[in-house]
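Engineer: Just add 653 to the spot in the sequence shown (first one is 1) and you have my numbering.
Yeah, the Cβ is synthetic: ideal placement off N, Cα and C, and Gly gets one too.
Structure in structure tokens, see below.
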Amino acid sequence: MQQPFQCIATVCPPAASSDTRYLIAACGPKLQSVSLTSGDIVSHWSSSEVVETTSTSSPANDNNERPTKKLKTAPSDQSAKNIIKLTVSPNNQYVLVVTDDKSLHVLSVNDTGELAQLSSRSMPKRPCAVKVLPNNSTILVGDKFGDVYSLPLLVDDTANGNSDATSTSEVTAPEHKHVEKKPFQPSATTKTVHTQRNLRALAAQQNQKNLTPKSKEPLAFEHKLLLGHVSMLTDLAYGQQEVNGKPRKYIITADRDEHIRVTRGPPQSHIIEGYCLGHKDFVSKICPIPGTTLLLSGGGDDWIGVWDWSECKLLRKLSLQGVFDTDSIAISGLWFGPSDIGDVVLAASEKSRRLAILPASEILKQNTENEVWSWSAFDHPILDVAFVSEKQRMQAFRLTHGSSPHRDVVLLESGTLNDKLQRVNRTQISSGSDLATDELLYGVEKLRKRGHADEAADE
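If you want it as structure tokens, here you go:
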């Protein structure tokens, strides 16, 4: 089957005119840059475009060996890795891509929308959250094992403008002395072990050539471990507030164990300010509201939390009962952005065809009545949302009232823009099996912990 676009983002390069925007869309392992002015695909990038290690030395060296290979790009479907995360730097000059082989790719985008890979770094564990800080020079990367790293956006060769920089950032790692480890030899023998159970255990040990675990190779690029969770990390955000007249930075992280943690930003990331506790199920998405200390959170519960993260205080629960058309709720997307009726909160639940919409003015209401969510129904489940620009806000809503206490919303989008996007949708970009596509698109529900009955059956 043809794979859908699983991640989208929009960029407006600084060198381009204010009305020039490009849609960056990921389909399987491929990335497309689409002009929202003409609807044309102006550039593309794929994780299968690997760069081989090369040199431009003479045809034969002093040892009469074969000449080394020259730089070449070798597309290969077998090496193509699906894109699982996509984000854009605040200055709209760089696009960050995470593939399912644990690689973090940094691409530049110029004023014509062309994409060019600058670096590729292989992380120790698969990244599940990526954020470029407002300084446009530092990346925060959270992985599924709960660790958060800081990395420079540009590696040294790229930052210095070295044209010989390759796609793979190679930084000299510190030298470590290699110590040959002796194979493990059990101290027990058949003369000292007599019971059948112990004899079987001894035989298993003797069949192992070496039980010593392999030492981990150090990462060959600049990085710094900032903090860690004991649970699987699911999302991260960055906040700032003024304390005693000075700005203080914070890292906000969420995990599978219903925790939202507020930690000071580097270089004080060892200081935990507090926890936002209240969720009964996993937290999959958090979304800070710009210009405030408010934070939205959602996951496996049937509500979205509104927090004051500076005080770790839950202000309100926005009920989602009856909003989505699925049996259970697993928030796969949470966004805050502009529209013609003012700022809105958008929420998507995995495999639901409804995009839930709530005016931001509803967030701070202190009454106990149920919030009146609106939704826009689509033909297929919602995978991602991107806002085009301040000037081209989400179009006006047409509300239709039925027997439900909620309101159905139809987005009155620009026909011209939709026509351009339909041309891209009709382009065959990537294909895959139904099972592989489902595994790529839907993984939030797997964060839900199983009941005790299921766990007992596995034991």
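Does the separation of the CB atoms of residue 749 and residue 773 fall below 9 angstroms?
Structural biologist: Against the sequence shown, residue 749 aligns to sequence position 96. Against the sequence shown, residue 773 aligns to sequence position 120. Result no, Cβ atoms of residue 749 and residue 773 do not sit closer than 9 angstroms.
Engineer: Considering only the alpha carbon of each residue, which of 1041, 736, 661, 1000 lies closest to residue 1030?
Structural biologist: Within the sequence shown, the letter at position 377 stands for residue 1030. For residue 1030, the nearest C-alpha among the options comes from 1000.
Engineer: Does the region 939–956 touch the region 983–991, meaning 3 or more C-beta pairs lie closer than 8 angstroms?
Structural biologist: yes
Engineer: Under a three-way DSSP split, which group does residue 974 fall into?
Structural biologist: Working through the sequence shown from its first residue, we reach residue 974 at position 321. In the structure shown, residue 974 sits in coil (DSSP, three-state: anything other than H, G, I, E or B).
Engineer: Among 957, 926, 934, 698, which has the Cα closest to the Cα of residue 941?
Structural biologist: Here residue 941 is taken as the residue at index 288 of the sequence shown, counted from 1. Out of 957, 926, 934, 698, the CA that lies nearest to the CA of residue 941 is found in 957.
Engineer: Kindly indicate the opening and closing residues of the alpha helix (DSSP H) around residue 889.
Structural biologist: Walking along the sequence shown from the start, residue 889 turns up at place 236. Note, residue 889: premise wrong, no alpha helix (DSSP H); beta strand (DSSP E) at 886–896.
Engineer: With distances taken between CB atoms, is the gap from residue 983 to residue 853 smaller than 9 angstroms?
Structural biologist: Taking the first residue of the sequence shown as 1, we reach residue 983 at position 330. Taking the first residue of the sequence shown as 1, we reach residue 853 at position 200. Not closer than 9 angstroms, so no.
Engineer: Where in the region 726–779 do unbroken runs of the beta strand (DSSP E), each at least 3 residues long, occur, reported from the N-terminal end onward?
Structural biologist: Correct list: 736–741, 747–752, 756–762, 768–775.
Engineer: Nearest by alpha-carbon distance to residue 796: which of 1099, 935, 782, 738 is it?
Structural biologist: Within the sequence shown, numbered from 1, the residue matching residue 796 stands at position 143. Per the Cα distances, 782.
Engineer: Give me the Cβ distance between residue 765 and residue 695, rounded to the nearest whole Å; I'm assuming they're in contact under 8 angstroms.
Structural biologist: Here the question's residue 765 lines up with position 112 in the sequence shown. Here the question's residue 695 lines up with position 42 in the sequence shown. Contact annotation, residue 765 with residue 695: C-beta distance approximately 6 angstroms; criterion of less than 8 angstroms satisfied.
Engineer: Which of the three DSSP states is assigned to residue 850 in this structure?
Structural biologist: Numbered from 1 along the sequence shown, position 197 holds the residue referred to as residue 850. Residue 850 falls in the helix class under three-state DSSP.
Engineer: Kindly list the residues whose CB is nearer than 6 angstroms to the CB of residue 753, restricted to its own chain and excluding five residues on each side of it in sequence; keep chain order.
Structural biologist: To locate residue 753, count along the sequence shown from 1; it is residue 100. Around residue 753: 734, 735, 737.
Engineer: In the DSSP assignment, find the beta strand (DSSP E) that holds residue 791 and state where it starts and stops.
Structural biologist: Numbered from its first residue, the sequence shown carries residue 791 at position 138. Start and end: 791–796.
Engineer: Would you mind sorting residue 662 into buried or exposed? The rule is 16 or more other CB atoms within 10 Å of its CB.
Structural biologist: Along the sequence shown, read from residue 1 onward, the residue named residue 662 stands at position 9. With a 10 Å radius around the Cβ and a threshold of 16 neighbouring Cβ atoms, residue 662 comes out buried.
Engineer: Check whether the Cβ atoms of residue 976 and residue 1009 lie closer than 9 angstroms to each other.
Structural biologist: Position 323 of the sequence shown, counted from the first residue, corresponds to residue 976. Position 356 of the sequence shown, counted from the first residue, corresponds to residue 1009. Cβ atoms of residue 976 and residue 1009: closer than 9 angstroms.
Engineer: Do you know how far the Cα of residue 895 is from the Cα of residue 1014?
Structural biologist: In the sequence shown, counting from the first residue as 1, residue 1014 sits at position 361. In the sequence shown, counting from the first residue as 1, residue 895 sits at position 242. Their Cα atoms are separated by approximately 24 angstroms.
Engineer: According to DSSP, is residue 997 helix, strand or coil?
Structural biologist: Walking along the sequence shown from the start, residue 997 turns up at place 344. Collapsing the DSSP output to three states places residue 997 in a strand.
Engineer: Between 996, 1004, 856, 784, which has its C-alpha nearest residue 1011's C-alpha?
Structural biologist: For this step, residue 1011 is matched to residue 358 along the sequence shown. Checked all of 996, 1004, 856, 784; the closest Cα to residue 1011 is 996.
Engineer: Since I believe residue 800 is in contact with residue 878 (beta carbons under 8 angstroms), could you give me their beta-carbon distance rounded to a whole number of angstroms?
Structural biologist: Counted from its first residue, the sequence shown places residue 878 at position 225. Counted from its first residue, the sequence shown places residue 800 at position 147. A Cβ-Cβ distance of about 6 angstroms is found for the pair residue 878 and residue 800, placing them in contact under the 8 angstroms criterion.
Engineer: Which residue from 657, 1086, 791 puts its Cα closest to that of residue 747?
Structural biologist: As a first step, residue 747 is located in the sequence shown; it is residue number 94 there, counting from the start. With distances taken between Cα atoms, residue 747 lies closest to 791.
Engineer: Per DSSP, residue 949 forms a beta bridge with which residues?
Structural biologist: Taking the first residue of the sequence shown as 1, we reach residue 949 at position 296. Paired residues: 940, 959.
Engineer: Given residue 665, which residues of its chain have a CB within under 6 angstroms of its CB, disregarding the five upstream and five downstream residues?
Structural biologist: In the sequence shown, counting from the first residue as 1, residue 665 sits at position 12. The residues are 674, 745.
Engineer: Return the first residue and the last residue of the beta strand (DSSP E) that residue 906 is part of.
Structural biologist: Here residue 906 corresponds to residue number 253 of the sequence shown, with the count starting at 1. Its beta strand (DSSP E) spans residues 899–908.
Engineer: Judging by CA-CA distance, which residue of 798, 770, 786 is the nearest neighbour of residue 780?
Structural biologist: Mapped onto the sequence shown, residue 780 falls at position 127. The residue with the shortest Cα to Cα distance from residue 780 is 798.
Engineer: Taking contact to mean at least 3 C-beta pairs separated by less than 8 angstroms, is the region 932–939 in contact with the region 884–902?
Structural biologist: yes
Engineer: By the 10 Å Cβ neighbour count, where 16 or more other Cβ atoms means buried, how is residue 667 classified, buried or exposed?
Structural biologist: On the sequence shown, residue 667 is found 14 positions in, with the first residue counted as 1. That one is exposed.
Engineer: Using CA atoms only, rank isn't needed, just tell me which of 963, 682, 846 is closest to residue 1089.
Structural biologist: Sequence index remark: in the sequence shown, residue 1089 carries index 436 (1-based). Measuring from the Cα of residue 1089, the nearest candidate turns out to be 682.
Engineer: Residue 1006 and residue 1032 - do their beta-carbons sit closer together than 9 angstroms?
Structural biologist: Locating residue 1032 in the sequence shown gives position 379, counting from the first residue. Locating residue 1006 in the sequence shown gives position 353, counting from the first residue. Yes, Cβ-Cβ distance for residue 1032 and residue 1006 is below 9 angstroms.
Engineer: So the beta strand (DSSP E) residue 663 belongs to, where does it begin and stop?
Structural biologist: Residue 663 sits at position 10 when you count from the first residue of the sequence shown. Run containing residue 663: 660–664, per the beta strand (DSSP E) assignment.
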